[in-house]
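Have a look at the structure below, then the notes.
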Amino acid sequence: MLFLTRSNILTSALILLIAQLCFCQRAASALNQDQDFPVDSTRKVLPASEEELIVNIRIISDDVLDKYKNDPEFKYEGGPNEADDWITKVKNWIRQQLIILSSSKTYSTLLDVLYYGLMVVAILLIIRGLIKADRRGLLFGKLKSDEINIVESEEDINTINFDELIARAIDNKQYKLAIRYLFLKSLKLLSEKGLFELRNNKTNYQYINEIKHNQIAEAFRVTTNMFEWIWYGDFPVDEDIVKNSQNDFNKLFALISS
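Written out as structure tokens, the structure is:
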């Protein structure tokens, strides 16, 4: 039973981010290539002659300046807007800095490092997600034999005394196994109540959707999420977690028997 977990969603978002960075990196590289102009080192700049160095300074009279200043055809609009708030000015400054940065080779190098770094992180997250999602040991081996050795079929569940197994698991401090037995007990009681039919190819959320009693369905959804979080989570489970979980399962059992 494979479900979309938070790590799967984050992995997908990270892959999309890497694709966008790859596109930006290609664009930046193309921009840098466009700005590398060839230089002919064989050409020399000759000094200017004395005649070319002579500068004739012309001064515009005040009458001419006043004439153009008062001419409406030379009055242009659309200059800098003094009313721009500081947020707009900051945005414009950031945009200018990004344009300058994107035209430099340093930016392209940093983008390459970031791109390949994120690629490595994404690969590691994908591998970690596959390991955690391989709940039946199809890809990376079998589950630990000391944790559980029962088949989740209607015939097996109906012949098992889960109360005895739960107590034994808690006494042996096999807390994850105790949560597993609590969940299987809930499947047994819900099936006996006729709220759904047990099948090996069904997912837990298909069972939830089949329950027509809203209060029981919500309680079963809570215990299912808790079971999956504990059973498939990569963290130690202590006695306090088991006690809190038992309280939620007991509420579900009470609703089923009512």
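For what it's worth, my numbering labels the leading residue of the sequence shown as 1, then goes sequentially. Positions of the beta carbon are idealized from the N, C-alpha and C atoms, including for glycine.
Check whether the Cβ atoms of residue i and residue j sit closer than 8 Å, and answer yes or no.
i	j	result
residue 235	residue 182	no
residue 263	residue 223	This structure cannot settle anything about residue 263, because the visible part of the chain is limited to 1 through 258.
residue 231	residue 176	yes
Can you tell me which of the options puts its alpha carbon nearest to the alpha carbon of residue i?
i	options	result
residue 189	211, 90, 176	211
residue 240	208, 179, 206, 125	179
residue 227	184, 70, 217, 202	184
residue 193	158, 129, 70	158
residue 167	87, 75, 242, 59	242
residue 170	214, 62, 238	238
residue 217	93, 98, 191	191
residue 63	71, 57, 56	71
Round the Cβ separation of residue i and residue j to the nearest angstrom and send it over; I've been treating them as touching at under 8 Å.
i	j	result
residue 220	residue 258	Not really, about 14 Å apart at Cβ, beyond 8 Å.
residue 196	residue 207	5 Å
* **Continuous beta strand (DSSP E) assignments of at least 3 residues falling wholly in the stretch 181–218** => none
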